[in-house]
Amino acid sequence: MARMKFLCDSERCIECNGCVTACKNANETEWGIQRRRVVTLDDGEIGKEVSISVACMHCSDAPCMAVCPTDCFYPTEDGLILHNKDTCIGCGYCLYACPFGAPQFPKQGAFGARGKMDKCTFCAGGPEEDPVIEEQKYGANRLREGKLPLCAEMCSTKALLAGDAADVADIFRERVVYRGHRNSAWSSVEHEASDAEQLAKSAADLAYDATQSV
Amino acid sequence: MMVKQSGHNHSAWMILLLVVLMALPVTAFAQESADARREAFQSMPGTQPDFWRDAMQGVSGRTQSNSPGADTLIMIEGERWREIRNQWISPGGAIALGGSLAAITLFYLLVGQVKLVHPRTGKRIERWTRWDRAIHWYVASLFIILGITGLSILYAKWFLMPILPTSVWGSVMNAAKNIHNYLGPLFALGVLAMIVKWFKHNFFTMVDLKWFAKGGGIVGKAHPSAGYLNGGEKVWYWVIVTVGLTVVVSGLVLDFPNFGQTRETMQLFLIIHAVASLILMAAAFGHIYIGTLGTEGAFEGMKTGYVDESWAKQHHDLWYEEVKHKSKQ
Ligand code: HEM
Ligand code: SF4
Ligand code: SF4
Ligand code: SF4
């Protein structure tokens, strides 16, 4: 069984926000809703600046699902965490529990009351039979068409990868091996190569291991 | 006939308050965001140690997104909030409410209703004015509705969701949330009015000290003296002032998310709101019991505004004397 995951290779992300735009375009999300974002830490500090594209990570033991008062989340067989907007009450608990700030809320109604939660679906739509209604409510269902999420497909540097966790981890491991040492082609950052490489390798192993347990 | 005194019901209240307080576990611990770390490791590997240190401490960066908190890559407090709410508040609240009900039931079975010692004289004394009663029942009905809808948000997924079709479940919960969110501010007004209106009756005096010393009547045979309100009722008033206002203030913070509260602020106020409202509900069970089933003749006071002379003499002797004295003048 596939276990879908995102992976963002920080050595490659150039903070172009192409993924953000692609997402907005694929899903036509409401005004103010941005399912994906790029976060840059240590912005402008040479040698330290790192950018990462984040959206819902479709967590294994999803915190949002654990706290939702209406239990409107459900895991799919691909390991995605999707939700039902009909039962969502817009309480915001999922946002308070989510480590990645993924849930988004349109401001509806009086006094800033939140509307139905919206978040990245891994371009897999939501629980609606009718594809037209599904698209209106949850955005694109590219997975059904055999396509991967548009954000990853459009990524110009292929920093953002999406797909089966094992495949994605394999690609990344390969990169780590090729990038090898300091100042190699893709490594924009000068750092203690040994440390960082070791960390990257173990992270890749970890990512790989994680996929083996499902 | 065994002589029973009104003090019994107040001690019942004390007992269950104790149970509630003991049942609510203290939430003091720090837990690492292990799951967030694993997810992050898996989905953003290959970053430098410095970066990890920053990211795992919830350091903020820059982003083009305007969502509140979007500049933080990993919000580390979420994991702990989840644990406090799901592991502590949820079961703790159930224990507190269940314990309160159990204690009351036990008390009722052991001690029974506090009867009127002397037969009614038929002479009725005004105790609660129209205004008093209006405020009381306004606050009480909103409290019950807010309690039921609030508890639905906390617990209904465990017992209501399995038995309802998804669409019905969705409408029920949306109704519960909207009712809770819109009635909250109206409840706040009522509580404020109540606190102001009854403030003057609620200073503790030596009489109350003696009332407490006699355990509200459970220790010793003599019924301890009481004025217009007895010590137990004054404690309940101050519980409303402290815990009640905590519920109200925290509720209002949650109710208006449009003032740019951070996620961390909302987490904190949700914990405060849930804990305070659960304590208040557990205590309210005691108040409701004493005011209805627990004491013969008490409910009619708040219903009609008048109590029987015998009831007044038995439960609030000093007030009774005062009223009698005044009416003679
Ligand atoms: C001024 C009055 C009140 C206001 C403004 C208020 C507001 C709120 C809000 C905004 C929430 C979060 C749920 C959501 O956004 O959907 C909430 C939850 C809750 N409220 Fe209130 N509330 C008030 C009074 C009360 C009272 C009197 C009780 C109990 C008798 C109560 C019990 C609860 C409970 C149990 C929860 C669920 C907490 C959780 O799920 O962790 N509230 N309230
Ligand atoms: S997978 Fe789809 S919904 Fe999720 S961030 Fe990418 S484009 Fe947006
Ligand atoms: S919304 Fe947040 S907590 Fe839920 S699966 Fe997505 S990243 Fe994880
Ligand atoms: S906002 Fe909706 S999805 Fe999020 S916890 Fe509340 S009900 Fe669940």
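These protein sequence lines map, in sequence, to chains A and B.
Start counting the first sequence at 122; every next residue gets the next number (our numbering).
Start counting the second sequence at 134; every next residue gets the next number (our numbering).
For glycine and all other residues, C-beta sits at the position ideal for the given N, C-alpha and C.
Does the region 412-425 of chain B touch the region 367-381 of chain B, meaning 3 or more C-beta pairs lie closer than 8 Å? yes
My assumption, with CB atoms under 8 Å, is that residue 284(A) sits in contact with residue 200(B). Please give the rounded CB distance. In fact, because the Cβ distance is near 26 Å, the residues do not count as touching under 8 Å.
Could you say which of 423(B), 284(B), 403(B) lies nearest to residue 365(B) if we only look at CA atoms? 423(B)
Is it a yes or a no for the region 229-238 of chain B touching the region 193-207 of chain A, going by three-plus beta-carbon pairs under 8 Å? no
Do three or more CB pairs link the region 397-408 of chain B to the region 210-218 of chain B at distances below 8 Å? yes
Report buried or exposed for residue 251(A), applying the criterion of at least 16 other Cβ atoms within 10 angstroms of its Cβ. Label assigned to residue 251(A): exposed.
Span separating the alpha-carbon of residue 254(A) from that of residue 209(A): 17 Å
Does any CB atom of chain A fall closer than 9 Å to the CB of residue 338(B)? no
Straight-line gap, residue 243(B) to residue 348(B) (C-alpha atoms, nearest Å): Distance between the alpha carbons of residue 243(B) and residue 348(B) is about 17 Å.
Chain-ordered neighbours of residue 359(A) on chain B, where CB pairs are closer than 7 Å: Residue 359(A) is absent from the structure shown; chain A starts at 122 and stops at 335.
Bounding residues of the beta strand (DSSP E) (the contiguous stretch that carries residue 245(B)): Careful: residue 245(B) lies outside any beta strand (DSSP E) and carries neither H nor E.
Quick check: the region 122-130 of chain A against the region 279-299 of chain A, are there 3 or more CB pairs under 8 Å? yes
Please report the residue range of the beta strand (DSSP E) in which residue 259(B) lies. 257-259
Residue 283(A) - DSSP class collapsed to helix/strand/coil: Strand at residue 283(A).
Counting C-beta neighbours from all protein chains within 10 Å, is the total for residue 322(B) 16 or more, i.e. buried, or is it exposed? exposed
Hey, is residue 243(A)'s beta-carbon within less than 9 Å of any beta-carbon in chain B? Not one chain B Cβ lies under 9 Å of residue 243(A).
For residue 341(B), three-class secondary structure by DSSP: In the structure shown, residue 341(B) sits in a helix (DSSP, three-state: H, G or I).
Excluding the 5 residues flanking residue 324(B) on each side, which residues of the same chain have their C-beta closer than 8 Å to its C-beta? 272, 373, 377, 378, 381
Taking Cβ-Cβ distances below 8 Å as the criterion, which residues of the region 173-188 of chain A are in contact with chain B? 173, 175, 178, 180, 181, 182, 184, 187, 188
Could you check whether residue 251(B) and residue 457(B) sit closer than 9 Å to each other, using their CB atoms as the reference points? It is not a contact, given that the beta carbons lie outside the stated cut-off.
Using a Cβ cut-off of 8 Å, pull out every chain B residue sitting near residue 111(A), in sequence order please. Here chain A has residues from 122 to 335 only, and residue 111(A) is not among them.
Going along chain A in order, which residues have a C-beta closer than 9 Å to the C-beta of residue 436(B)? Within 9 Å Cβ-Cβ: nothing; residue 436(B) doesn't reach chain A, min ~35 Å.
Could you confirm whether any beta carbon from chain A is found closer than 9 Å to the beta carbon of residue 224(B)? Chain A, which has no Cβ nearer than 9 Å to the Cβ of residue 224(B), makes this no.
Under the DSSP definition of a beta bridge, which residues are partnered with residue 196(A)? 202(A)
Out of 295(B), 305(B), 313(B), which one is the CA nearest neighbour of residue 385(B)? 313(B)
What are the start and end residues of the alpha helix (DSSP H) that includes residue 300(B)? 299-331
Could you give the DSSP three-state label for residue 459(B): helix, strand or coil? Residue 459(B) sits in a helix when the DSSP states are folded into three classes.
Run through the DSSP bridge pairs and tell me what residue 162(A) is partnered with. 171(A)
Under 8 Å Cβ-Cβ, which residues of chain B neighbour residue 239(A)? Neighbours of residue 239(A) on chain B: none; closest Cβ ~11 Å, over 8 Å.
Could you tell me whether any non-hydrogen atom of ligand 2 is closer than 8 Å to the CB of residue 260(A)? When distances are taken from the beta-carbon of residue 260(A) to the heavy atoms of ligand 2, the shortest one is below 8 Å.
Say the cut is 8 Å; is the CB of residue 177(A) nearer than that to a heavy atom of ligand 4? No, Cβ of residue 177(A) sits at least 8 Å from all heavy atoms of ligand 4.
Presumed contact (8 Å Cβ cut-off) between residue 359(B) and residue 249(B), rounded CB distance: In fact, because the Cβ distance is near 16 Å, the residues do not count as touching under 8 Å.
Under 7 Å from the C-beta of residue 210(A): neighbouring residues of chain B: 306, 307, 310
In DSSP terms, what residue 262(A) is bridged to: 245(A)
Using 8 Å for Cβ pairs, my map puts residue 429(B) next to residue 246(B). What's the rounded Cβ distance? 6 Å
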